[in-house]
Structures are given as C-alpha cells and as structure tokens.
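Start counting the sequence shown at 1; every next residue gets the next number (UniProt numbering).
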Amino acid sequence: MRASPQIVVFSVLQPLIMMLLFMVLFAGAVSGSQSAYLQFLLPGMLAQNAAFMVTTVGQAINSDIDKGIFDRFRSLPIARPAPLIAHILGDLPRQAATTLTLLAFGFCIGFRVHTDPLSAVLAVALVLLVSFAFSWIALTIGLIADKPESVNMLVMILLFPMAFGSNTMVATDTLPGWLQAWAKVNPVTHLTDAVRALLTGPASDSGSALGSTLLASAVILALFVPLAIRAFTRRL
C-alpha cells in the first residue's frame, strides 16, 4: 500500500495538533508550566500515536479486497502471510516519519532528551515495534470489516481505550481508582513509561517497563497474526 499524500500529511499533522492542544489544556494543572509538561507529554504522545497511526493499515487492506486486488493472489505461488506482511511493512515508513516528525517538532518547541543518543534511538524503535504489533490488530479488523468506511470506527473502538486509558497525558496515580487498574495493565502505559525513561531519564529505570512492553507486543502478535492469516484465508 502506497499512502496518498493527503494521508501522509494528515498522519503527520494530527499528533502535532493534539500535542499543542493538550499542552494548552493540561500544562497548568499537571506540571505548572508548558515547558515542564512538554517533557512529560511528548513521550506519552509518541506512545499514544503508536496506536492511532495504524488505522490506515486496516483501511488499505479492506479497500484492496473491495477492489478485487486480492483475487489475483489465489493463483500465485506465494505464502499466505506475504500480502499481509507487505501491507504492514509498506506502512512502516509513514509511521516512522510521523514518529520522527513529532519528536523533531517537540525539539523545536523546547523538548530535550536528557539521556543519550542510543537511548533515544531505542525509544523510537520501541514505538515502532508496538506500532507494528498494533498494525496486526488493524489488519485483522480490516479483513473482517464489510467495508472500508467501518474499519476506522472499529479500530478506534478497540484502540481508543488503550490510547487514552493510560498515563500518556497525566500520571497514573491521579486517575480514578477503576481507571488506574486498567492503566496499570495497559500496553500503552508500559510503552509510555519506557519511552519517558529512555528520553528524559534515568534510562536505567526503563527496564521493567521495557520488558512489559516487549511482552505485551509479543502477546498481541501471537494472538492477532494467526487471526489475520485466518481471516485473510477466508476472504480469498
């Protein structure tokens, strides 16, 4: 899938606008100043964006099926997962561009990395790894949805609680008790904790959150890769 210029531009601009909006709304209440809150918010926005930017993967594969493109694969000697993997890998450059643009924009408005370059690279790689795992969720939904227009709604219903029921914008201990219970097991919370430690330090504190993030990604892949392949086989 080759993303249209409009999709690429929207994917890049959306998290930037959201981050600016959250800074205006929550900076005073959470950290007292916008500069201090930016140090807290940007890692959370990177983690949140790992969930939001996968929607196009599901929309693209559903659109291709709707157009009959996948009918051609029935007679080709290719492995069943190959078209699915191609869709996800084809979207990774857009996801990487969105992540790096958000980080670069953060630098322009005052965000600073307080660790080291290797930790920063690891933080970006971790965001893309989780995005890769979430892409299989979107892909599965795209394969079972009846039309492209419904994919975005279904993906958001599933991933919205992960993106916002976390510590991306506020500390976990400030959330209501019932929401804290969810946030503490939420993969996006673990990713946020790991990225915050890797970018703002100390990087040594990222160990537990990093392990939890890798485990959550492995569980998502173990569950949704077979589901996506099964759904794809049924659609052929």
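Here a beta-carbon is modelled for each residue, glycine too, at the ideal position from N, C-alpha and C.
Quick caveat: nothing in here was measured; it's all calculated off a predicted structure.
Residue i and residue j look like a contact to me (Cβ under 8 Å); what is the Cβ gap, rounded to whole Å?
i: T98; j: P15; result: 7 Å
i: A183; j: A197; result: Rounded, the Cβ-Cβ distance is 17 Å, inconsistent with contact.
i: V219; j: L139; result: Incorrect: roughly 16 Å between the Cβ atoms, too far for contact.
Kindly indicate which residue of the options has the alpha-carbon position closest to the one of residue i.
i: Q180; options: M169, G165, H190 and L191; result: G165
i: H87; options: R112, F10, I65 and L102; result: I65
i: P161; options: Y37, L38, A27 and F52; result: F52
i: I141; options: I229, A222 and P5; result: I229
i: A231; options: G44, P5 and N62; result: N62
i: R235; options: L42, G68 and V12; result: G68
i: G90; options: P148, N167, V54 and D116; result: V54
Would you mind stating whether residue i and residue j have Cβ atoms separated by less than 8 Å?
i: A50; j: F107; result: no
i: Y37; j: M23; result: yes
i: V151; j: Q59; result: yes
i: V195; j: V127; result: yes
i: F10; j: M169; result: no
i: L158; j: I137; result: yes
i: L199; j: A120; result: yes
i: V130; j: S217; result: yes
i: L92; j: V124; result: no
i: G44; j: T192; result: yes
i: residue 323; j: V8; result: With the chain running from 1 to 236 in the structure shown, residue 323 is simply not present.
i: V42; j: F111; result: The residue asked about is misnamed: residue 42 is Leu in this sequence, not Val. Yes, the Cβ-Cβ distance between L42 and F111 is below 8 Å.
Let's see if you can read the secondary structure: which residues bound the alpha helix (DSSP H) around residue i?
i: L175; result: Here L175 belongs to no alpha helix (DSSP H), and DSSP marks it neither H nor E.
i: I141; result: P117 to I144
i: V113; result: Where V113 is concerned, there is no enclosing alpha helix (DSSP H), given that its DSSP letter is neither H nor E.
i: S150; result: P148 to F164
i: V195; result: P187 to T200
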